[in-house]
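Line by line, the protein sequences give chains A and B. Numbering-wise (the working numbering), the first sequence opens with residue 1 and increments by one. Numbering-wise (the working numbering), the second sequence opens with residue 1 and increments by one.
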Amino acid sequence: MDEAGVTPDDIQSIDDIRKLPFMQKKDLREYYPTDTFAAPIKDIARFHASSGTTGKPIVAGYTVHDLECWAEGVARCLTAYGVTREDIVQVSYGYGLFTGGLGAHDGAGKIGCAVLPTSSGNTAKQIMLMKDLGTTCLCCTPSYALFLAETIENEPDVRPEDLKLRVGVFGAEPWTEGMRHALEQKLHIRAYDIYGLTEVSGPGVGGECEFQNGTHLWEDMFYPEIIDPVTLQPVEDGKEGELVFTTLTKEGMPVIRYRTRDLTRLIRERCECGRTAVRMDKILGRSDDMLIIRGVNVFPSQVEAVIMEMPEVTGQYFITVDRVNNIDTFDIDIELKPDYYGDNLSTIERTKQQLSERLVSVLGIKPTLHIVEPGSIERSMGKAKHVNDKRKFKN
Amino acid sequence: MITKQLSIFLQNKLGRFAQVASILGDAGLNMRAFTVTENADYGIVRLIVEDVERAVETLRAASFAVNLTDVVIISIPDKPGILAQYMRTLADEDIFIEYMYAFSNNSHANVVIKSNDNQRCNALLESKQAESL
Ligand SMILES: [Zn+2]
Numbered sequence: 001m002d003e004a005g006v007t008p009d010d011i012q013s014i015d016d017i018r019k020l021p022f023m024q025k026k027d028l029r030e031y032y033p034t035d036t037f038a039a040p041i042k043d044i045a046r047f048h049a050s051s052g053t054t055g056k057p058i059v060a061g062y063t064v065h066d067l068e069c070w071a072e073g074v075a076r077c078l079t080a081y082g083v084t085r086e087d088i089v090q091v092s093y094g095y096g097l098f099t100g101g102l103g104a105h106d107g108a109g110k111i112g113c114a115v116l117p118t119s120s121g122n123t124a125k126q127i128m129l130m131k132d133l134g135t136t137c138l139c140c141t142p143s144y145a146l147f148l149a150e151t152i153e154n155e156p157d158v159r160p161e162d163l164k165l166r167v168g169v170f171g172a173e174p175w176t177e178g179m180r181h182a183l184e185q186k187l188h189i190r191a192y193d194i195y196g197l198t199e200v201s202g203p204g205v206g207g208e209c210e211f212q213n214g215t216h217l218w219e220d221m222f223y224p225e226i227i228d229p230v231t232l233q234p235v236e237d238g239k240e241g242e243l244v245f246t247t248l249t250k251e252g253m254p255v256i257r258y259r260t261r262d263l264t265r266l267i268r269e270r271c272e273c274g275r276t277a278v279r280m281d282k283i284l285g286r287s288d289d290m291l292i293i294r295g296v297n298v299f300p301s302q303v304e305a306v307i308m309e310m311p312e313v314t315g316q317y318f319i320t321v322d323r324v325n326n327i328d329t330f331d332i333d334i335e336l337k338p339d340y341y342g343d344n345l346s347t348i349e350r351t352k353q354q355l356s357e358r359l360v361s362v363l364g365i366k367p368t369l370h371i372v373e374p375g376s377i378e379r380s381m382g383k384a385k386h387v388n389d390k391r392k393f394k395n
Numbered sequence: 001m002i003t004k005q006l007s008i009f010l011q012n013k014l015g016r017f018a019q020v021a022s023i024l025g026d027a028g029l030n031m032r033a034f035t036v037t038e039n040a041d042y043g044i045v046r047l048i049v050e051d052v053e054r055a056v057e058t059l060r061a062a063s064f065a066v067n068l069t070d071v072v073i074i075s076i077p078d079k080p081g082i083l084a085q086y087m088r089t090l091a092d093e094d095i096f097i098e099y100m101y102a103f104s105n106n107s108h109a110n111v112v113i114k115s116n117d118n119q120r121c122n123a124l125l126e127s128k129q130a131e132s133l
């Protein structure tokens with residue numbers, strides 16, 4: 001605050017929040033384990049920690065009041081999905097340091113649901129209990145839900161119609177509309193997004209409603225802002241940028257203008273469901289992934305979104321950025337679905353042209369497209385690698 | 001007659017066509033005719049083979065993008081002016097040729113034609129052939 005030249009007198013209204021500096025993941029790491037806590041350890045009721053794959057994790061501390069607020073956030077989400085005390089809620093998020101399991105558990109408990117704390121893993125037992133106890137609501141990551149669905153498909157003794165599932169509560173990783181349709185069809189459920197992060201609280205910072213048209217953020221607890229990740233200035237209302245949160249009720253580990261790195265936009269219009277809580281759009285990508293090409297901000301996820309719209313292409317792509325004679329080059333390799341290669345160069349060129357026009361209108365910059373052979377873009381088992389920025393290795 | 005032509009998409013990389021040829025050769029599949037159309041980045045090989053089904057299967061198994069297109073094949077005497085007569089017949093009937101390629105063996109020339117109306121194209125060419133016999 002001293003460095004930013006801000007004193008308590010400068011804060012008169014919520015708009016003055018813009019005068020405050022940002023917090024980032026590295027700040028929380030630097031003050032590992034508890035130096036960012038605002039409450040003494042005797043008032044801390046629980047710890048959680050992030051699953052950082054490198055270096056020290058981020059430790060979050062919660063007071064009793066924090067845990068109550070957290071459960072309230074999750075309970076609001078579940079209620080918005082139509083879950084009531086009549087429901088049997090199976091929590092297949094991992095229990096432990098990860099916030100998913102206990103977060104969903106406490107939220108469902110607050111409503112008075114019957115909670116089935118299966119945690120993650122042991123899929124056969126998960127399915128058996130789901131069937132025998134008549135689970136109506138499943139909470140887990142969307143990828144685990146898909147795995148469960150596929151396991152059920154291959155299980156002769158269990159058919160989706162034998163299950164009583166009707167609501168899926170999926171979060172902790174980004175997922176697409178395509179995945180939603182697949183999960184809804186396979187499991188005979190309505191699938192809802194639940195959003196959150198350990199640094200801010202945990203799952204239940206926000207969630208969708210029955211209209212599935214944006215994630216309502218519980219603004220009375222978490223004040224959201226959207227900033228330009230480069231200039232760090234607030235963007236115009238409704239424009240895309242990085243989501244930033246200031247916690248309004250947290251005692252254990254409050255954060256001020258915490259940069260989530262998630263890119264989205266806020267929707268201020270009143271939702272059809274009647275909730276006035278602001279909504280955030282689908283997460284467009286992560287600001288860490290942003291490329292600046294010829295001065296234009298480009299996100300691989302924007303390229304992906306355009307490609308996913310085109311029926312002719314497989315969805316596989318690879319971006320190469322380089323600098324030749326001081327000018328950035330921007331190339332994208334794209335595969336067509338095998339049937340669309342045809343017998344004619346002009347058909348391929350036409351597809352390429354359409355794709356190029358769509359990309360220019362979305363990105364504001366023209367990439368050089370290369371149609372490549374099917375299967376030639378390297379597949380990855382884990383997180384796919386879509387970008388090679390060769391500029392980083394020069395100078 | 002109307003037959004299936006294979007088209008194979010290839011990036012312009014050294015030895016890519018050699019791979020296609022050796023995959024077919026190893027499977028004992030004989031190429032009867034082919035042509036390549038290309039630009040700076042990639043090309044399409046159009047190919048006539050004897051056993052279409054097996055050729056498609058073999059190439060797809062090697063993850064090549066293979067598509068099938070109907071084409072008309074006609075065998076005509078390999079003499080000056082004959083092809084011109086056949087082409088005139090098609091033009092008179094408003095049949096457009098999208099592309100064609102030919103190869104001659106001994107006394108005959110085999111012409112592969114992709115037209116805007118393969119059915120009519122084939123009928124016209126076959127009746128012209130019958131007429132000239
Ligand atoms: Zn709503």
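For glycine and all other residues, C-beta sits at the position ideal for the given N, C-alpha and C.
CA-to-CA distance, residue j to residue i, given in whole angstroms
i              : j              : result
P142 (chain A) : Y192 (chain A) : 10 Å
L125 (chain B) : A65 (chain B)  : 31 Å
P40 (chain A)  : S119 (chain A) : 31 Å
K79 (chain B)  : F96 (chain B)  : 23 Å
V49 (chain B)  : S92 (chain A)  : 55 Å
K131 (chain A) : H181 (chain A) : 22 Å
E53 (chain B)  : S75 (chain B)  : 23 Å
D94 (chain B)  : Q129 (chain B) : 19 Å
N325 (chain A) : I292 (chain A) : 17 Å
S107 (chain B) : L83 (chain B)  : 13 Å
H370 (chain A) : Y144 (chain A) : 35 Å
Y81 (chain A)  : E208 (chain A) : 7 Å
G382 (chain A) : F330 (chain A) : Because the pLDDT of G382 (chain A) is 49, which lies under 50, any placement of that residue in the model is unreliable, and the question is left without a value.
R85 (chain A)  : I111 (chain A) : 6 Å
E131 (chain B) : S115 (chain B) : 22 Å
M1 (chain A)   : T7 (chain A)   : 7 Å
Within-8 Å CB hit, residue i to chain B
i              : result
G382 (chain A) : Model confidence at G382 (chain A) stands at a pLDDT of 49, short of 50, so the residue's coordinates are unreliable and nothing is read from them.
P338 (chain A) : yes
E373 (chain A) : yes
G315 (chain A) : no
D132 (chain A) : no
D343 (chain A) : yes
H386 (chain A) : no
H370 (chain A) : yes
N395 (chain A) : Unreliable positioning characterises N395 (chain A) in this predicted model, as indicated by a pLDDT of 45, which lies under 50. A coordinate reading is not provided.
Within-8 Å CB hit, residue i to chain A
i              : result
Q119 (chain B) : no
Y42 (chain B)  : yes
Q11 (chain B)  : yes
Q5 (chain B)   : yes
L58 (chain B)  : Contrary to the premise, residue 58 (chain B) reads as Thr rather than Leu in this sequence. No, T58 (chain B) lies away from the interface with chain A (no Cβ there is under 8 Å from its Cβ).
N30 (chain B)  : no
N116 (chain B) : no
R54 (chain B)  : no
T37 (chain B)  : yes
S132 (chain B) : no
CB of residue i within 8 Å of CB of residue j, strictly
i              : j              : result
L266 (chain A) : G285 (chain A) : no
N388 (chain A) : T320 (chain A) : yes
P374 (chain A) : L336 (chain A) : yes
T35 (chain B)  : Y101 (chain B) : yes
V167 (chain A) : I194 (chain A) : no
P224 (chain A) : F211 (chain A) : no
P445 (chain A) : I283 (chain A) : Lying outside 1 to 395, the shown extent of chain A, residue 445 (chain A) is not represented and no answer is given.
V59 (chain A)  : P21 (chain A)  : no
A134 (chain B) : F103 (chain B) : Look at the range of chain B in this structure, 1 to 133, and you will see that residue 134 (chain B) is not part of it.
L355 (chain A) : M310 (chain A) : yes
G238 (chain A) : R268 (chain A) : yes
R400 (chain A) : I17 (chain A)  : Given that chain A is displayed from residue 1 to residue 395, the structure contains no residue 400 (chain A) and the question cannot be resolved.
I226 (chain A) : Q316 (chain A) : no
Inter-residue CB distance, residue i and residue j (contact presumed, cutoff 8 Å)
i              : j              : result
G94 (chain A)  : G100 (chain A) : 6 Å
L24 (chain B)  : A55 (chain B)  : 6 Å
D9 (chain A)   : G252 (chain A) : Not a contact, Cβ separation roughly 27 Å.
T249 (chain A) : C69 (chain A)  : 5 Å
R259 (chain A) : E242 (chain A) : 6 Å
S287 (chain A) : P234 (chain A) : 15 Å between Cβ atoms; not a contact.
T123 (chain A) : F147 (chain A) : 7 Å
Residue i Cβ short of 7 Å to ligand 2 heavy atom set
i              : result
H216 (chain A) : This structure simply doesn't include ligand 2; it includes ligand 1 instead.
key: Sufficient close CB pairs (3 or more, under 8 Å) joining the region 120-128 of chain A to the region 149-167 of chain A   = yes
Meets three-Cβ-pair contact criterion under 8 Å: the region 334-353 of chain A and the region 294-301 of chain A = no
ask   = Does the pairing of the region 35-47 of chain B with the region 10-21 of chain B give three or more beta-carbon distances under 8 Å?
value = yes
inquiry  = For the structure I just gave you, are there three or more beta carbon pairs, one from the region 14-28 of chain A and one from the region 156-164 of chain A, closer than 8 Å?
reply    = no
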